[in-house]
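Please read the structure below before turning to the comments.
Protein chains: 4
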Amino acid sequence: MPIDLAALLEPSRTALLLMECQEGIIGEGGTLSALADAVRRHGTVGHIACVLGAARARGVPVFHCLMARRPDGGGATANCLLLAATRKSERPLLPGSPQQAPVPALAPVEGEWVVTRFHGLTPFHGTELDQLLRNLGVRTVVATGVSVNIGIVGLALEAVNAGYQVVIPREAVAGTPDEYVAAVMENTLRLLATLAPVDQVVGVWS
Amino acid sequence: MPIDLAALLEPSRTALLLMECQEGIIGEGGTLSALADAVRRHGTVGHIACVLGAARARGVPVFHCLMARRPDGGGATANCLLLAATRKSERPLLPGSPQQAPVPALAPVEGEWVVTRFHGLTPFHGTELDQLLRNLGVRTVVATGVSVNIGIVGLALEAVNAGYQVVIPREAVAGTPDEYVAAVMENTLRLLATLAPVDQVVGVWS
Amino acid sequence: MPIDLAALLEPSRTALLLMECQEGIIGEGGTLSALADAVRRHGTVGHIACVLGAARARGVPVFHCLMARRPDGGGATANCLLLAATRKSERPLLPGSPQQAPVPALAPVEGEWVVTRFHGLTPFHGTELDQLLRNLGVRTVVATGVSVNIGIVGLALEAVNAGYQVVIPREAVAGTPDEYVAAVMENTLRLLATLAPVDQVVGVWS
Amino acid sequence: MPIDLAALLEPSRTALLLMECQEGIIGEGGTLSALADAVRRHGTVGHIACVLGAARARGVPVFHCLMARRPDGGGATANCLLLAATRKSERPLLPGSPQQAPVPALAPVEGEWVVTRFHGLTPFHGTELDQLLRNLGVRTVVATGVSVNIGIVGLALEAVNAGYQVVIPREAVAGTPDEYVAAVMENTLRLLATLAPVDQVVGVWS
Chain A
1 MPIDLAALLE
11 PSRTALLLME
21 CQEGIIGEGG
31 TLSALADAVR
41 RHGTVGHIAC
51 VLGAARARGV
61 PVFHCLMARR
71 PDGGGATANC
81 LLLAATRKSE
91 RPLLPGSPQQ
101 APVPALAPVE
111 GEWVVTRFHG
121 LTPFHGTELD
131 QLLRNLGVRT
141 VVATGVSVNI
151 GIVGLALEAV
161 NAGYQVVIPR
171 EAVAGTPDEY
181 VAAVMENTLR
191 LLATLAPVDQ
201 VVGVWS
Chain B
207 MPIDLAALLE
217 PSRTALLLME
227 CQEGIIGEGG
237 TLSALADAVR
247 RHGTVGHIAC
257 VLGAARARGV
267 PVFHCLMARR
277 PDGGGATANC
287 LLLAATRKSE
297 RPLLPGSPQQ
307 APVPALAPVE
317 GEWVVTRFHG
327 LTPFHGTELD
337 QLLRNLGVRT
347 VVATGVSVNI
357 GIVGLALEAV
367 NAGYQVVIPR
377 EAVAGTPDEY
387 VAAVMENTLR
397 LLATLAPVDQ
407 VVGVWS
Chain C
413 MPIDLAALLE
423 PSRTALLLME
433 CQEGIIGEGG
443 TLSALADAVR
453 RHGTVGHIAC
463 VLGAARARGV
473 PVFHCLMARR
483 PDGGGATANC
493 LLLAATRKSE
503 RPLLPGSPQQ
513 APVPALAPVE
523 GEWVVTRFHG
533 LTPFHGTELD
543 QLLRNLGVRT
553 VVATGVSVNI
563 GIVGLALEAV
573 NAGYQVVIPR
583 EAVAGTPDEY
593 VAAVMENTLR
603 LLATLAPVDQ
613 VVGVWS
Chain D
619 MPIDLAALLE
629 PSRTALLLME
639 CQEGIIGEGG
649 TLSALADAVR
659 RHGTVGHIAC
669 VLGAARARGV
679 PVFHCLMARR
689 PDGGGATANC
699 LLLAATRKSE
709 RPLLPGSPQQ
719 APVPALAPVE
729 GEWVVTRFHG
739 LTPFHGTELD
749 QLLRNLGVRT
759 VVATGVSVNI
769 GIVGLALEAV
779 NAGYQVVIPR
789 EAVAGTPDEY
799 VAAVMENTLR
809 LLATLAPVDQ
819 VVGVWS
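Chains as they are written, first to last, in my numbering: chain A, 1 to 206; chain B, 207 to 412; chain C, 413 to 618; chain D, 619 to 824.
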């Protein structure tokens, strides 16, 4: 079916989600991980910034979905390889630290939502995100950020479960390696979400 | 059955919850509502402070369960009389405002948990509370704060649903009017929780 | 505020919930518990049947919210007095048993929803109820059944948390003792829900 | 780290999950979809049957996580390509139909859990699954079934979010195409779960 992107993205019923666009995850500082490197190579932050600018211009609510980690690790678990790696990280996303903050180009402005969690891998589980979106009358979420391997797939699954439409501006998400990102788009995300180039999404909101 | 309170309250498996002990809800400032008046008449803040002191001394994790309201009311609903009243309040619990803060005697200290929500009436729904408690290995929650009419009953129901034991130190909760509080204790909370005098709870942790 | 009951109960956006109207809980058989006795004295089943008939006539979706218990008790807990009592019951709500079935006057018909749970005390937690209501476009739930002490208060709190309007036809719910039911209506449920006589609700749907 | 599979799979703290092993999804009848074809080529049902047999022999609780669809489609949404396709299916998983039933080799036996949902894509969201597992004292879930593209990834994410360890017996899950399954194992599931050959899992339980 040809998707009516303008209808899907009607500003009064849409929200923009930025998934873990944090300095300690995708930022320039320190030894770059493979994910941060992919973000840099593809200019993902710039693409997200374009979507963010367009959303702000139209009054689309913006949600910054962030991870944090207490100094004592409390409230978190290390029940998988990814979370165990987080536990040992030298950039542990302490609340209020530079690493835990969004990268400067994507920093929240007055009135935007910040939904921070200490547990798990995805933005909806055990957070206020779903109920806030419901209460705002949101029907479509636009997913941006990282990673296609875990967080973006999780975000899309959770959003579909809760009844939302999901739109993914392709260049506004990143993962590793590149060929896997393409494969996830084709074999998983295409079944869950409407994939569109960033400039089409921005165009709808212009 | 005689309850083994010491076993129920074993510090490594217990958490203390303070429900909406906020200046704008139970505090001294401004025109006292019936609830704030009940809290003052019964010395509820002092009783909660006793439980809190004992919990801190034993390293029992403490959760401050707070309500907040954005200036634009976003994320909230007015789908019942209580929430509609909140919307019109002159003390609207703006994030970071003196009204939204816990009363001074019960202010959080370093390392304690603050779980703030913009929606609804109870502390577990759509928040990280349950998963944080699980990840900390908590099996029993001690419920304090307000109100017996709504929030404490809701807290107890949600905690029982999720499999926790609930202990309520009687003088550490408040509601209105007095005779209704007694009736709820007898006809609802007794079925959901172990009711005990504050000094028994404090005694276990001494 | 004068409530516009007709708007609240618009059939295409409303669902009727029957909470635990099961033979083993409110039925005539066996030694009557205090709750079953109250249901009998007040003719609660007849009142619910009136609401149910009106809902069916207007195509309002009907949800039968039921409790069940496996022979081995698996999946349940005895973490409060009420659930511990259930565990010892001689009418243990085995799936498919006469005790677990709705009372005959309120039996489900083809096309109605049955949402059965093995755990907890309230109809929304850990069940598909909320998502089914959302997917059906429901905005208001009409709460009937038992008990005012626990299940109806829990239902109302959960529904308000999730953003629904709640309407309670007064004579279509029951609890014990009578004076406590009146007190809960006045001091808790009135803050959460629109209370209306059964004949007004039925009138809107006639 | 070398994983202690025997400790992870300790029978009293483990559950086996079968995800959508239903006739209308992976069965032999009718025109085989790509997924059913992959299941047949790889002998996935036989592999799952091996794990199931071993679990039953050790008393590990078994959960059949099933999808269903009402004749009127009520309670479901078509908010993504995958769910829209389900809506148009000629094998629509009507409750109680042969298509909705598990394939014969994996049919539930007395005492096993069947958790059926009408909405969404994953087994935990809006179902009793998490609370049943908690109440049974489960700490590790073994994931089998389909599909690696959607349901198994979703199951693993949800389980990790809720604090469980996840073990995936590699040959007991399926997806399409083959090379994508291998890529998801390497780039997503390996970060979420312990991947092990079926015979190792079976060996631990022998």
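C-beta: ideal position from N, C-alpha, C; glycine also.
On a predicted model such as this, the values are computed, not experimentally measured, just so you know.
Contacts that residue i makes with chain B (C-beta to C-beta distance below 9 Å)
i                       : result
arginine 117 of chain A : Glu334, Gln337
alanine 605 of chain C  : Cys286, Leu287
Closer than 7 Å at the beta carbon, the chain B residues around residue i
i                       : result
alanine 76 of chain A   : Asn341
arginine 621 of chain C : The question about residue 621 of chain C has no answer, for chain C in this structure spans 413 to 618.
Given residue i as reference, the closest of the options once Cα atoms are compared
i                         : options                                : result
aspartate 542 of chain C  : C:Pro520, C:Gly486, C:Leu569, C:Val610 : C:Leu569
valine 816 of chain D     : D:Leu635, D:Glu746, D:Glu789           : D:Glu789
valine 596 of chain C     : C:Ala574, C:Ile562, C:Val613           : C:Ile562
arginine 70 of chain A    : B:Gly381, B:Leu342, B:Val379, B:Leu361 : B:Leu342
serine 239 of chain B     : B:Arg264, B:Pro310, B:Val352           : B:Val352
leucine 191 of chain A    : D:Thr806, D:Glu804, D:Gly738, D:Val756 : D:Gly738
asparagine 573 of chain C : C:Leu464, C:His537, C:Thr588, C:Ala594 : C:His537
alanine 193 of chain A    : D:Gly714, D:Leu699, D:Ile643           : D:Leu699
proline 679 of chain D    : D:Leu813, D:Ala800, D:Asp796, D:Ala761 : D:Ala761
aspartate 590 of chain C  : C:Trp617, C:Val560, C:Ser618, C:Glu540 : C:Val560
asparagine 393 of chain B : C:Ile437, C:Gly587, C:Lys500           : C:Gly587
leucine 750 of chain D    : D:Ser824, D:Leu635, D:Leu711           : D:Leu635
serine 501 of chain C     : C:Gly485, C:Gly508, C:Ala513           : C:Gly485
proline 301 of chain B    : A:Ala101, A:Glu110, A:Pro92, A:Leu93   : A:Glu110
isoleucine 231 of chain B : B:Gly409, B:Glu216, B:Gln306           : B:Gln306
arginine 246 of chain B   : B:Glu334, B:Glu229, B:Asp210, B:Gly259 : B:Glu229
methionine 19 of chain A  : A:Thr44, A:Glu10, A:Val201, A:Tyr164   : A:Thr44
glycine 27 of chain A     : A:Arg91, A:Val181, A:Ala54, A:Thr14    : A:Arg91
proline 123 of chain A    : A:Ser97, A:Ile152, A:Val138, A:Arg13   : A:Ile152
threonine 758 of chain D  : D:Ala625, D:Ala694, D:Ala624, D:Thr632 : D:Thr632
glycine 821 of chain D    : D:Thr745, D:Arg676, D:Gly772           : D:Arg676
alanine 84 of chain A     : D:Gly781, D:Leu701, D:Ser630           : D:Gly781
Neighbouring residues, chain D, relative to residue i (Cβ below 7 Å)
i                         : result
alanine 183 of chain A    : Tyr798, Ala801
isoleucine 150 of chain A : Thr806, Leu809
Chain-ordered chain A contacts of residue i [CB-CB under 8 Å]
i                      : result
glycine 326 of chain B : Gln131
Which residues DSSP lists as bridging residue i, in chain order
i                        : result
threonine 400 of chain B : B:Val373
glutamine 434 of chain C : C:Pro514
valine 554 of chain C    : C:Leu428, C:Val579
cysteine 477 of chain C  : C:Met431, C:Val527
valine 379 of chain B    : B:Gly351
Per-residue contacts from residue i into chain D (C-beta, under 9 Å)
i                      : result
glycine 369 of chain B : Gln749, Arg752, Asn753
valine 201 of chain A  : Under the 9 Å cutoff, chain D gives no residues; its nearest Cβ is about 17 Å from valine 201 of chain A.
Neighbouring residues, chain A, relative to residue i (Cβ below 9 Å)
i                      : result
glycine 772 of chain D : Val153, Gly154, Leu157, Glu158, Asn161
Listed by chain order, chain C residues near residue i by CB distance under 8 Å
i                        : result
histidine 165 of chain B : Residue 165 of chain B is absent from the structure shown; chain B starts at 207 and stops at 412.
Partner residues on chain D for residue i, Cβ-Cβ distance less than 8 Å
i                    : result
valine 51 of chain A : Those within 8 Å of valine 51 of chain A in chain D number zero; the least Cβ separation is about 20 Å.
Chain-ordered chain C contacts of residue i [CB-CB under 9 Å]
i                     : result
valine 372 of chain B : Asn491, Cys492
Original post:
Does the stretch 727-735 of chain D come within contact of the stretch 678-685 of chain D, defined as at least 3 CB pairs closer than 8 Å?
Top reply: yes
Original post:
Using 8 Å as the Cβ pair cut-off and three pairs as the minimum, do the stretch 450-467 of chain C and the stretch 502-519 of chain C touch?
Top reply: yes
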